[in-house]
Amino acid sequence: MTTTDTVSHVPVQPRDKTMGMPRHHMLIFACLFVFMLVAPFLLYPIFLMKVMCFALFAAAFNLLLGFGGLLSFGHAAYFGSASYISAHAAKVWGLTPELAILCGTGTALVLGIVIGSLAIRRQGIYFAMVTLAFAQMVYFFSLQAEFTGGEDGIQAVPRGELFGLLNIQPDRVLYYFVLAITFGGVLAIYRIIHSPFGQVLKAIRENEPRSISLGYHVNRYKLAVFVISATFAGLAGATKALVFQLASLTDVYWTMSGEVVLMTLLGGMGTVFGPLLGAGIIVAMQNYFASFGAWVTVMQGVIFVLGVLLFREGIVGVIAQRIKKPL
Amino acid sequence: MTDAAILSASGLTKEFKGFVAVNKVDLAVERGTIHALIGPNGAGKTTCFNLLTKFLQPTAGKITYKGQDITGLTPADIARQGLVRSFQISAVFPNLTVLENVRIALQRRRGDSYDFWRSESVLHEYDDEARAHIQDVGLTEFSNERAAELSYGRKRALEIATTLALNPEMLLLDEPMAGMAQEDVERISALIKRISQNRTILMVEHNLSVVADLSDRITVLARGEVLAEGDYATVSKDPKVIEAYIGAGHA
Ligand SMILES: Nc1ncnc2c1ncn2[C@@H]1O[C@H](COP(=O)(O)OP(=O)(O)OP(=O)(O)O)[C@@H](O)[C@H]1O
Ligand SMILES: [Mg+2]
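Protein chains in written order, with our numbering: chain A, 79 to 405; chain B, 717 to 967.
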């Protein structure tokens, strides 16, 4: 599948970089960070934490779609399974939150290896179908398995004490832990995109046969980026379980896979900041329009269609082209 | 098949659902020569390239490169042995800059670089070398432009620069000059001649004056079969060759 048409691209000028990051990226990250530091005093911490978890989820997904050129339609599997395992680890095994998150993330990593190594043998739409099929299997497993609590999910998950020392039960305290995870995750993804490995990924996305003819074992790269993406999706899901103190079927359902596609495309796939913005917009809509019930889904659909029609490259993608700088 | 052959194929055959695109082709490319593969449209030249580099799995036949049977290798591994192909349709990385395009080839030296934790600024160590290759094909002033913005002829030139950056022992060029302006044809012609000093080149080309000028040996393919082989003077006088070209609507 050629995803390149809709990937937003503005060449990076080699000039004005500090620590391998263009200055305007650094500036945006710094502004975001400062804003997020004070945000819980202005907005609901739970809402903000939800935005952050989904921002990380979308960034992870975008790594695969926007930079690996691979459209997975089953990313809920990693998000959701990590959410279940992290909830289970915190509640039943009584692990500290950082270890619970680690367990959840590790589960997503293993799942990513298993599903990824089978999916990357297929191209384009078949790839998407294989990922969807496996995600549905994870869903049915979650529905049937004992420990997931079926329709109820795993409720009242204790947030516990960070490293057994710091009580993160209060929202405002947990908030900064989630902020650290999100920023760490997003910056790690940023580095991966802008690494020698990321450069090869872009080449494969742009022209796979050519990359092969230059001697690259493209399937190994695809698997690597698949597993990394699944892992960060897992990190987001595992963290989310502690934020809401809940892991449920919604997290592994196919609509969750769809939502992350939506966030990424709306914000701008193949951009650094697009998925973050996309996640912010969608989560904000879900929150503020919650009273409209099922209509939220319809409105999401309308926004998505409008977004795709108006900005084919996503909001951030269009802005990047206007200002002629990669974002 | 001579001992001097760096690349040889015997009985190479490819069937597509009953249609035989390449039929029992025997080919031997001598080390250090420029060997041209010509023939009318649809003769099976590109398919041959796909078979020789294993982008397609042959239905039958054997491929030997530097005395080693490579019939079972993957295309990436064949490239790593120093047998590198180009494509008939221009194959650049459109959204990377010209410099980055060439660097992708140079970067292969890092092995399979899975170092995703490192900054891409480590790649600057290849910049000078990449620029030298870019200069060779006359694209210096476009170094920081996206490959997508280049004209067709310049894309082809970039492709050649990228291929050469791998410093391959043998190149398979599929119509390297198609779509180029005359002055570019001359430049690339000269470049191919120069790089052939210590390399072997197998080339598909429709521009017969280029073929006449560059190649030491020519194999003519028609309907998937080898029709004639020899130097330009011999081949161009062969009645079968003339007929095949006229029959296919070429003069
Ligand atoms: N993947 C495929 N499936 C079916 N038929 C194919 C396939 N690839 C090539 N062919 C057929 O095989 C024949 C040879 O094609 P090929 O591309 O090798 O010709 P060519 O000599 O390179 O021609 P040209 O000069 O036009 O590039 C053609 O009839 C083509 O239609
Ligand atoms: Mg051809």
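Glycine is no exception: its CB is placed at the ideal position from the N, C-alpha and C atoms.
Note that the structure is predicted; figures quoted are calculated from it, not measured.
{"Query": "So what does residue 240 of chain A bridge to, in DSSP terms?", "Result": "A:244"}
{"Query": "With distances taken Cα to Cα, identify the nearest neighbour of residue 767 of chain B among B:754, B:783, B:749 and B:791.", "Result": "B:791"}
{"Query": "Nearest chain A C-beta to residue 769 of chain B closer than 8 Å, yes or no?", "Result": "yes"}
{"Query": "Return yes when at least one heavy atom of ligand 2 lies under 7 Å from the C-beta of residue 932 of chain B, else no.", "Result": "no"}
{"Query": "Starting from the C-beta of residue 326 of chain A, find all residues in its chain whose C-beta is less than 6 Å away, skip the five residues before and the five after it, and write them out in chain order.", "Result": "231"}
{"Query": "Taking the alpha-carbon of residue 943 of chain B as reference, which of B:957, B:932, B:931 and B:949 has the nearest alpha-carbon?", "Result": "B:957"}
{"Query": "Does the Cβ of residue 762 of chain B lie closer than 7 Å to at least one heavy atom of ligand 2?", "Result": "yes"}
{"Query": "So, does the CB of residue 885 of chain B fall closer than 8 Å to a CB anywhere in chain A?", "Result": "no"}
{"Query": "Whose Cβ in chain A lies nearer than 8 Å to the Cβ of residue 823 of chain B?", "Result": "274, 277 and 278"}
{"Query": "May I ask you to check if the CB of residue 852 of chain B is nearer than 7 Å to at least one heavy atom of ligand 2?", "Result": "no"}
{"Query": "Please check the pair residue 136 of chain A and residue 362 of chain A, which I expect to be a contact at CB under 8 Å, by giving their CB distance rounded to whole angstroms.", "Result": "Between residue 362 of chain A and residue 136 of chain A the Cβ distance is about 14 Å, and since that is not below 8 Å, they are no contact."}
{"Query": "Kindly indicate the opening and closing residues of the alpha helix (DSSP H) around residue 744 of chain B.", "Result": "That residue, residue 744 of chain B, is in no alpha helix (DSSP H); its beta strand (DSSP E) goes 735–746."}
{"Query": "Tell me which residues of the region 798–819 of chain B have at least one Cβ-Cβ distance to chain A shorter than 9 Å, keeping chain order.", "Result": "800, 801, 802, 803, 807, 808, 809, 810, 811, 812, 813, 815, 816, 817 and 819"}
{"Query": "With a threshold of 8 Å between beta-carbons, can residue 866 of chain B be considered close to chain A, or not?", "Result": "no"}
{"Query": "Let's test the definition: count the other Cβ atoms within 10 Å of the Cβ of residue 192 of chain A and tell me whether it reaches 16, buried, or not, exposed.", "Result": "exposed"}
{"Query": "Could you pull out every residue in the same chain whose Cβ sits closer than 8 Å to the Cβ of residue 205 of chain A, ignoring the five residues on either side in sequence?", "Result": "79, 148, 149, 150, 197 and 198"}
{"Query": "Just confirm the distance between the C-beta atoms of residue 175 of chain A and residue 246 of chain A, as a whole number of angstroms; I'd bet it's less than 8 Å.", "Result": "6 Å"}
{"Query": "Find the nearest neighbour of residue 388 of chain A within the set A:344, A:304 and A:201, judged by alpha-carbon distance.", "Result": "A:344"}
{"Query": "Going by C-alpha distance, which of A:399, A:103, A:107 and A:114 is nearest residue 255 of chain A?", "Result": "A:114"}
{"Query": "Report buried or exposed for residue 156 of chain A, applying the criterion of at least 16 other Cβ atoms within 10 angstroms of its Cβ.", "Result": "buried"}
{"Query": "Roughly how many whole angstroms lie between the Cα atoms of residue 144 of chain A and residue 396 of chain A?", "Result": "15 Å"}
{"Query": "Using 8 Å as the limit for Cβ to Cβ distance, is residue 948 of chain B near chain A?", "Result": "no"}
{"Query": "Within 10 angstroms of its Cβ, does residue 960 of chain B collect 16 or more other Cβ (buried), or is it exposed?", "Result": "buried"}
{"Query": "What I want to know is whether the C-beta of residue 741 of chain B ends up closer than 7 Å to one or more non-hydrogen atoms of ligand 2.", "Result": "no"}
{"Query": "Skipping 5 residues on each side, what residues in its chain have a beta carbon closer than 8 Å to that of residue 926 of chain B?", "Result": "893, 901 and 905"}
{"Query": "Residue 836 of chain B touches chain A at which residues, Cβ-Cβ below 8 Å?", "Result": "98, 272, 273, 274, 276 and 277"}
{"Query": "Listing by chain order, which chain B residues have their CB less than 9 Å from the CB of residue 294 of chain A?", "Result": "792, 795, 820, 824 and 828"}
{"Query": "Which residue comes first and which comes last in the beta strand (DSSP E) that contains residue 726 of chain B?", "Result": "721–732"}
{"Query": "State the CB to CB distance for the pair residue 849 of chain B and residue 807 of chain B, rounded to an integer number of angstroms; the pair is presumed to be in contact (CB under 8 Å).", "Result": "About 16 Å; that fails the 8 Å criterion."}
{"Query": "Out of B:909, B:775, B:744 and B:789, state which residue places its alpha-carbon closest to the alpha-carbon of residue 734 of chain B.", "Result": "B:775"}
{"Query": "Using the beta-carbon of each residue, which ones in chain B are nearer than 7 Å to residue 284 of chain A?", "Result": "809, 810, 811 and 812"}
{"Query": "Mapping the DSSP letters down to three states, classify residue 402 of chain A as helix, strand or coil.", "Result": "coil"}
{"Query": "Give a yes or no on whether the minimum CB-CB distance between residue 137 of chain A and chain B is below 8 Å.", "Result": "no"}
{"Query": "Name the DSSP beta bridge partners of residue 933 of chain B, please?", "Result": "B:751"}
{"Query": "When the Cα of residue 833 of chain B is compared with those of A:194, A:271, A:402 and A:169, which residue comes out closest?", "Result": "A:271"}
{"Query": "Enumerate in chain order the residues of its own chain whose CB-to-CB distance from residue 746 of chain B is below 8 Å, with the five nearest sequence positions on each side excluded.", "Result": "718, 720, 721, 722, 916, 932 and 933"}
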